[in-house]
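In my numbering, the protein residues as written are 155 to 555.
Even glycine gets a Cβ: it sits at the ideal position worked out from N, Cα and C.
Predicted model only: the values in this text are computed from it and were never measured.
Written out as structure tokens, the structure reads:
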């Protein structure tokens, strides 16, 4: 049962909001910059997130505040089929910088765990960046370091397609996980202090990365494969390794990743989008008309807050409470669960977990403490590594042939 509609929901939601005032949500993944690119080509006057944007976006400042969000990793994602991913990624970074300059009372740039805590103390939303897909570095370790210098604090090794050096969860096997150059990418990310994000990657890539890294990894927006058998989710044997690694898995809300009945429906919906000439991930107004028309003919299986909580219950059992977080993927998905419709919905999830017996100490770890600890641990590792070796100038040709 979805606790948003339960008898105990009012008191539980109020308790959740009180907890979030002290330990707000660190969300691992929000695609607002891409939505601003796709919808209005970064015209921030046309999508002024200081005001309600419910008709266009999952995200605006009033709803971030209502949702108890204290830190956000803004995705600087670009599609892997773009001919020039590096300049497009730089444009996405520039978008985040424009947002920070435009809304300084609400958003604060954050590069470190200490910055996150400072933002919390000031009552501002710590704003970090994550690059979604290794295609954004174009096989260049120098470009990787450049992204770090510009403020990117995690990189997802792949998106939906393989890169030359790493296999994606939703592509055919290429190099069997990580190539030699892929392992060097992980080592260089460790040296810089950039978190290795294993959302979107194949299970073989997850295991290779865990074998290679000396810093904690994250899954910025992934759920449990045992609960919903989708390749974008995390197998239990990988979840079990997070305790030894010190990393964390940030549960996502995307219905097609959390609800088994939605998996087959989504495959049909994606085929329909391609038939009409749209990319399956397109969320422009024209594409959404096609989505909605399909949904009218074929009703969509509906995920709920309880669906997501089922994943967290299982992931807690396997990985442990110290290794969990939240990564909603708002503005990167066409559909959301009931009760988690947009960024204002996090209190509903916390209320559901309270009703399931989660205590406030564990919820504080889920929402805030784990994410801050993991970034701080990556910084510590990087400090030690930089004291012992310089930057790598290896190339994919030299390592992979």
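#### Entry: Residue nearest to residue 262 in terms of C-alpha spacing, selected from 298, 225, 232
What you label residue 262 is simply residue 108 of the chain shown in a count that begins at 1. The residue with the shortest Cα to Cα distance from residue 262 is 225.
### Task
Would you tell me roughly how many angstroms separate the C-alpha atoms of residue 317 and residue 551, rounded to the nearest one?
For the purposes of this step, residue 317 is taken as residue 163 along the chain shown, with counting starting at 1. For the purposes of this step, residue 551 is taken as residue 397 along the chain shown, with counting starting at 1. Distance between residue 317 and residue 551, taken at the CA atoms: about 14 Å.
### Message
Give me, in chain order, the residues of the same chain whose beta-carbon lies closer than 6 Å to that of residue 295; leave out the 5 immediate sequence neighbours on both sides.
### Response
Along the chain shown, one-based indexing puts residue 295 at 141. The residues are 342, 546.
### Message
Please list the terminal residues of the continuous beta strand (DSSP E) segment that includes residue 228.
### Response
Walking along the chain shown from the start, residue 228 turns up at place 74. That run of the beta strand (DSSP E) goes 223-229.
### Pair within 9 Å by beta-carbon distance, residue 493 and residue 438
Working through the chain shown from its first residue, we reach residue 493 at position 339. Working through the chain shown from its first residue, we reach residue 438 at position 284. Against a cut-off of 9 Å, the Cβ pair of residue 438 and residue 493 comes out as no contact.
### Message
So within the region 312-375, which uninterrupted alpha helix (DSSP H) runs reach at least 4 residues, ignoring any that extend past its ends?
### Response
334-346, 357-366
### Which listed residue (251, 310, 290, 287) has its alpha carbon closest to that of residue 281
On the chain shown, residue 281 is found 127 positions in, with the first residue counted as 1. Ranking 251, 310, 290, 287 by Cα distance to residue 281 puts 251 first.
### Query
Would DSSP call residue 310 helix, strand or coil?
Your numbering for residue 310 matches position 156 in the chain shown. Strand.
### Message
Give me, in chain order, the residues of the same chain whose beta-carbon lies closer than 6 Å to that of residue 416; leave out the 5 immediate sequence neighbours on both sides.
### Response
Your numbering for residue 416 matches position 262 in the chain shown. The answer, listed in chain order, is 409, 410, 455.
### Task
Assign residue 164 to one of two classes, buried (16 or more other C-beta atoms within 10 Å of its C-beta) or exposed (fewer than that).
The count along the chain shown starts at 1 and reaches residue 164 at position 10. Flag for residue 164 reads exposed.
### Query
What residue ranges within the region 268-293 form continuous beta strand (DSSP E) runs of no fewer than 3 residues, ordered along the chain?
279-286
#### Entry: residue 479 versus residue 183 - alpha carbon distance
Reading the chain shown from its first residue, position 325 is the one you call residue 479. Reading the chain shown from its first residue, position 29 is the one you call residue 183. Taking the straight line from one Cα to the other gives about 11 Å.
#### Entry: Straight-line gap, residue 285 to residue 355 (C-alpha atoms, nearest Å)
In the chain shown, counting from the first residue as 1, residue 285 sits at position 131. In the chain shown, counting from the first residue as 1, residue 355 sits at position 201. Whole-angstrom Cα-Cα distance: 14 Å.
### Message
Using a 10 Å radius around the Cβ and a threshold of 16 neighbouring Cβ atoms, would you call residue 289 buried or exposed?
### Response
Taking the first residue of the chain shown as 1, we reach residue 289 at position 135. The residue is buried, with at least 16 neighbouring Cβ atoms inside 10 Å.
### Task
Could you tell me which residues DSSP pairs with residue 262 in its beta bridges?
Here the question's residue 262 lines up with position 108 in the chain shown. Paired residue(s): 280.
### residue 242 (DSSP reduced to helix, strand or coil)
Numbered from 1 along the chain shown, position 88 holds the residue referred to as residue 242. In the structure shown, residue 242 sits in a helix (DSSP, three-state: H, G or I).
### Query
If you compare alpha carbons, which of 512, 166, 315 is closest to residue 328?
Taking the chain shown and counting its residues from 1, one reaches residue 328 at position 174. Nearest option by C-alpha distance: 315.
### Query
Do residue 185 and residue 404 have their C-beta atoms within less than 9 Å of each other?
Counting from one through the chain shown, the residue named residue 185 turns up at place 31. Counting from one through the chain shown, the residue named residue 404 turns up at place 250. Against a cut-off of 9 Å, the Cβ pair of residue 404 and residue 185 comes out as no contact.
### Task
Using three-state DSSP, classify residue 377 as helix, strand or coil.
Taking the chain shown and counting its residues from 1, the one referred to as residue 377 is at position 223. Here residue 377 sits in coil by DSSP.
### Task
Let me know the secondary structure DSSP gives residue 478 once reduced to three states.
Against the chain shown, residue 478 aligns to sequence position 324. Of the three classes helix, strand and coil, the one that applies to residue 478 here is strand, per DSSP.
### Message
Tell me which residue opens and which closes the beta strand (DSSP E) that residue 182 is part of.
### Response
In the chain shown, counting from the first residue as 1, residue 182 sits at position 28. Unbroken beta strand (DSSP E) run through residue 182: 179-184.
### Query
Quick one: is residue 205 buried, meaning 16 or more other Cβ sit within 10 Å of its Cβ, or exposed?
Here residue 205 refers to the residue found at position 51 of the chain shown. Classification for residue 205: exposed.
### Message
Check whether the region 386-393 and the region 346-366 are in contact - that is, three or more C-beta pairs closer than 8 Å.
### Response
yes
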